[in-house]
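Numbering (the working numbering), first residue to last: 2 to 76.
For each residue, glycine too, the CB sits at the ideal point set by N, CA and C.
Following: one structure in structure tokens, then a few remarks.
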Amino acid sequence: MDLKKLLLEENVGGFDLMFRALLGVLGITALATGLVKRSPLKWITALIAFVGLFTSITRHCSPYYLLGINTAKKR
2 MDLKKLLLEE NVGGFDLMFR ALLGVLGITA LATGLVKRSP LKWITALIAF
52 VGLFTSITRH CSPYYLLGIN TAKKR
């Protein structure tokens, strides 16, 4: 298993990329406006928002690499 490909290769793109970014923004908005009240649910929402934004910014998802999924356009 190539560590560079596992951590750096772009494998997220198109609709998947936009969905992840939207999910992250909605999660941050829900936390900022106080829409999520219960403590465990706040942490779950924060984790989903962080992962969504992080994977959309880096355009990489490690589980996608392990499963052999690639939604990014080929160069």
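Handout entry: Straight-line Cα distance separating residue 36 from residue 67
Key = Position 66 of the sequence shown, counted from the first residue, corresponds to residue 67. Position 35 of the sequence shown, counted from the first residue, corresponds to residue 36. Approximately 35 Å, taken between the alpha carbons.
Exercise for the section: Have a look at residue 49 and residue 56 and give me their C-alpha separation to the nearest angstrom. Expected result: Residue numbering aside, residue 49 sits at position 48 when the sequence shown is read from its first letter. Residue numbering aside, residue 56 sits at position 55 when the sequence shown is read from its first letter. Whole-angstrom Cα-Cα distance: 11 Å.
Practice task
With a threshold of 16 other CB atoms inside 10 Å of the CB of residue 21, please say whether the residue is buried or exposed.
Solution key: Here the question's residue 21 lines up with position 20 in the sequence shown. The residue is buried, with at least 16 neighbouring Cβ atoms inside 10 Å.
Exercise for the section: Kindly indicate which residue of 3, 6, 7 and 25 has the alpha-carbon position closest to the one of residue 58. Expected result: By 1-based counting over the sequence shown, the position of residue 58 is 57. Ranking 3, 6, 7 and 25 by CA distance to the CA of residue 58 puts 25 first.
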